[in-house]
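Asks: Here the sequence shown stands for residues 1 to 216, where the numbers follow UniProt numbering.
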Amino acid sequence: MVVFKDRTDAGKRLAEELEEYAGRDDVILLALPRGGVPVAFEVAKELDLELDVFIVRKLGVPGYEELAMGAISSGGVKVMNMSVVDSLQISGEDIDSVVEAERKELERREELYRKGKAKLDVTGRTAILIDDGLATGATMKAAVQALRAQKPENIVVAVPTASKEACEEFAADVDKTVCLTTPEPFYGVGAWYEDFAQTSDREVCDLLKKAEDMNR
1 MVVFKDRTDA
11 GKRLAEELEE
21 YAGRDDVILL
31 ALPRGGVPVA
41 FEVAKELDLE
51 LDVFIVRKLG
61 VPGYEELAMG
71 AISSGGVKVM
81 NMSVVDSLQI
91 SGEDIDSVVE
101 AERKELERRE
111 ELYRKGKAKL
121 DVTGRTAILI
131 DDGLATGATM
141 KAAVQALRAQ
151 KPENIVVAVP
161 TASKEACEEF
171 AADVDKTVCL
181 TTPEPFYGVG
191 AWYEDFAQTS
201 DREVCDLLKK
211 AEDMNR
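1) Pull up the distance between the alpha-carbon of F4 and that of D121, whole angstroms please.
2) Provide the residue span of the alpha helix (DSSP H) that contains D96, from first to last.
3) Quick one, which of Q198, K164, D195 has its alpha-carbon nearest E184's?
4) Measuring alpha carbon to alpha carbon, tell me which residue in V61, K104, G36, K78 is nearest V85.
5) Take P33 as the anchor and find which of F54, E50, L18 has the nearest alpha-carbon.
6) Would you grab the beta carbon distance between I130 and A158 for me? Rounded to a whole angstrom, and I think it's under 8 Å.
7) Does the beta-carbon of S87 have 16 or more other beta-carbons within 10 angstroms, so that it is buried, or is it exposed?
8) So the alpha helix (DSSP H) D195 belongs to, where does it begin and stop?
9) From what residue to what residue does the beta strand (DSSP E) around R202 run?
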């Protein structure tokens, strides 16, 4: 089974599978921060493509934050996993509390990562959403729904690793999916990276600046 050294290695391998989009002005890479940014940066560098971010926040179950009960994204989109909400009997009050906290973080990241940049415009373009992996897919699902409202020509979801279920689900929702590995049992995204250290805000900002400089 493929194991990636780190997100940089994963991005280089992902670029090989996205070669058909190289150098195209009608294509934009949209990274899901923070972990998706170093992956997408390598794709942008290898294929000479524009890179931006699409801000999405997972809604973690109170007390079990790694378990997603939904997600929110730019544009006011909220996606809930009602099977998780119902099975754990999560109250509306608890959901509202988590949503409010994550909305504040989403707004903070919008200001920090996209400060000074023109409003994202994907109309008529092929938008490739990139993350470091998909487990439940809740975060990516919110991104896809929010992005579709902005009328891109095509939406592509591309990740180094994903659960088989998540990858198959997106195949029906978007124009194309690229999942380099769908190991079973999946365990989690981090299980397929030798180094899965958290990506910092500084690293995200540095990589976005480098990508912007490359496109000048």
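By construction, the Cβ of each residue, glycine as well, lies at the ideal position given by its N, Cα and C atoms.
Everything numeric in this text was worked out from a predicted model, so none of it was measured.
Replies: On the basis of the supplied data:
1) Numbered from its first residue, the sequence shown carries residue 4 at position 4. Numbered from its first residue, the sequence shown carries residue 121 at position 121. Each residue's alpha carbon lies about 32 Å from the other.
2) Your numbering for residue 96 matches position 96 in the sequence shown. Per DSSP, D96 belongs to the alpha helix (DSSP H) from 92-114.
3) By 1-based counting over the sequence shown, the position of residue 184 is 184. Out of Q198, K164, D195, K164 has the C-alpha closest to the C-alpha of E184.
4) Numbered from its first residue, the sequence shown carries residue 85 at position 85. That would be V61, whose Cα lies nearest to the Cα of V85.
5) Residue numbering aside, residue 33 sits at position 33 when the sequence shown is read from its first letter. Considering only alpha carbons, the answer is F54.
6) In the sequence shown, the residue the question calls residue 130 occupies position 130. In the sequence shown, the residue the question calls residue 158 occupies position 158. Taking a contact as a CB-CB distance under 8 Å, the pair I130 and A158 counts as one, their CB atoms being some 5 Å apart.
7) In the sequence shown, counting from the first residue as 1, residue 87 sits at position 87. Counting Cβ neighbours within 10 Å, S87 comes out exposed, since fewer than 16 surround it.
8) Position 195 of the sequence shown, counted from the start, is the residue given in the question as residue 195. Membership of D195 in any alpha helix (DSSP H) is not indicated, and neither H nor E is assigned to it by DSSP.
9) Within the sequence shown, numbered from 1, the residue matching residue 202 stands at position 202. Where R202 is concerned, there is no enclosing beta strand (DSSP E), although the alpha helix (DSSP H) it sits in stretches over 201-214.
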